[in-house]
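Trainee: Please find one structure pasted underneath; my questions will follow.
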Amino acid sequence: MRWGRVLIGLCAALGLSGCDTPTVSSGATSGASVVPGFSPELVQANFSYVVSAVEPIAEQECRNRTTGMNCDFLIAVDARRNAQPNAFQSLDREGRPVITFTASLIESVGNVDELAFVMSHEAAHHIRNHLARQQRNAEAGAVVFAGLATLTGGSALDVENAQRLGAAVGARSYSKEFELEADQLGTVIAYRAGFNPLIGAGFFTQVPDPGDRFLGSHPPNADRLDMVRRTMAGMTSG
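Just so we're aligned, residue 8 is where the sequence shown starts under the working numbering, counting upward by one.
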């Protein structure tokens, strides 16, 4: 019973509905409302331009910084009209890195610099191997929490729930650090692709500031903007 109360408390702190094990993925980027006055043709042209500029640089950075990693990025669009503004990195069944944008996010971005920054950020998640690292953290968390539940006399159901909660906690343990790593490398990619990350990072002003929440998935927007500025200063000084 004592362990059950601990689980309930941690679930509430994490904001997990039913303590479901989260889908392990890179931190997704949430967008804003559709930018007025942009024709569908201009939106498509901007997206195609950004893909053609960012993709080869992202693949080059991937090859330069990794060994044995699949660096053949696929940029995909989720055209469902009911899909919320979002962008995320995943792997297909063959291990190819996929960066998916919802159509609503593409339409909501105010300029090509912001679009390039988001794309570069998601590519950086793959290059930094965040999916695999997050999965390892989730597995380690599941083992630790299940062990604690067992040692404290938890029931089989308690142990199962503890595993699920441990995976959730483990997956989030370094989420903020991963986001900042992706912001840093994303800044490099966007800049080398010919865009201005300082303008691109203006995208952060369109999303709610998560603040510095315990086990939150994203760092405060101010920290992310500071990372972009410091990275740019390092590349352009002197």
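Glycine residues also receive a C-beta, built at the ideal position from the N, C-alpha and C atoms.
This structure is a prediction, so every number in the text was calculated from the model and none was measured.
What are the start and end residues of the beta strand (DSSP E) that includes Ala94?
Mentor: Run containing Ala94: Asn93 to Leu98, per the beta strand (DSSP E) assignment.
Trainee: Would Asp165 and Met234 qualify as a contact pair, given that the criterion is a beta-carbon distance under 8 Å?
Mentor: no
Trainee: Among Ala110, Glu62, Pro47 and Ala52, whose alpha-carbon lies nearest the alpha-carbon of Gly201?
Mentor: Glu62
Trainee: Compare the C-alpha of Ile113 against each of Asn93, Val105 and Glu129 and name the closest.
Mentor: Asn93
Trainee: How is Phe54 classed by DSSP in three states: helix, strand or coil?
Mentor: helix
Trainee: With DSSP collapsed to three states, give me the class of Ile15.
Mentor: The predicted model places Ile15 with a pLDDT of 48, which falls under 50 and marks its position as unreliable, so this point remains unresolved.
Trainee: Which same chain residues, not among the five before or five after Leu187, have their C-beta less than 8 Å away from its C-beta?
Mentor: Hits under 8 Å: Pro226, Asp230, Arg231 and Met234.
Trainee: Might you give, ordered along the chain, the residues of its own chain that have their beta carbon closer than 7 Å to the beta carbon of Pro204, omitting 5 neighbours on each side?
Mentor: Phe124, Thr194, Ala197, Tyr198, Val235 and Met239
Trainee: Measuring straight from C-alpha to C-alpha, what distance separates Ala131 and Arg88?
Mentor: 27 Å
Trainee: Buried or exposed, going by whether 16 or more other CB atoms sit within 10 Å of the CB of His49?
Mentor: The question names His, yet the displayed sequence has Leu at residue 49. With fewer than 16 Cβ atoms within 10 Å of its Cβ, Leu49 is classed as exposed.
Trainee: Assuming contact is defined by CB atoms lying nearer than 8 Å, are Asn168 and Val119 in contact in what I supplied?
Mentor: no
Trainee: Take the Cβ of Arg70 as the centre, count every other Cβ of all protein chains shown within 10 Å, and call the residue buried at 16 or more, exposed below.
Mentor: Arg70 should be labelled exposed.
Trainee: Assuming Asp85 and Ala60 form a contact by the criterion Cβ under 8 Å, report the distance between their Cβ atoms to the nearest whole angstrom.
Mentor: Their Cβ separation, rounded to whole angstroms, is 21 Å, which puts Asp85 and Ala60 out of contact at 8 Å.
Trainee: I believe Asp79 touches Glu66 by the beta-carbon criterion, under 8 Å. Please report the beta-carbon distance rounded to the nearest angstrom.
Mentor: Contact flag correct, Cβ pair sits at about 7 Å.
Trainee: Between which two residues does the alpha helix (DSSP H) containing Val235 stretch?
Mentor: Counting along the chain, Val235 sits inside the alpha helix (DSSP H) bounded by residues Asn228 to Thr243.
Trainee: For Phe108, I'd like the list of residues in its chain whose CB is within less than 6 Å of its CB, leaving aside the five on either flank, ordered along the chain.
Mentor: Val84 and Ala94
Trainee: Go through the region 59 to 125 residue by residue and report every complete run of the beta strand (DSSP E) that reaches 3 residues or more, in order.
Mentor: Segments of the beta strand (DSSP E) lying fully in the region 59 to 125: 81 to 85, 93 to 98 and 104 to 109.
Trainee: Quick one: grab the DSSP three-state call for Phe202.
Mentor: coil
Trainee: Could you give the DSSP three-state label for Arg140: helix, strand or coil?
Mentor: helix
Trainee: Using C-beta distances below 6 Å, list every residue in its chain close to Val105, excluding the 5 sequence neighbours before and after it, in chain order.
Mentor: Leu81, Ala83, Ser97 and Asp99
Trainee: Under 6 Å Cβ to Cβ from Val116, same chain only, skipping five residues before and after it: list those, please.
Mentor: Leu122
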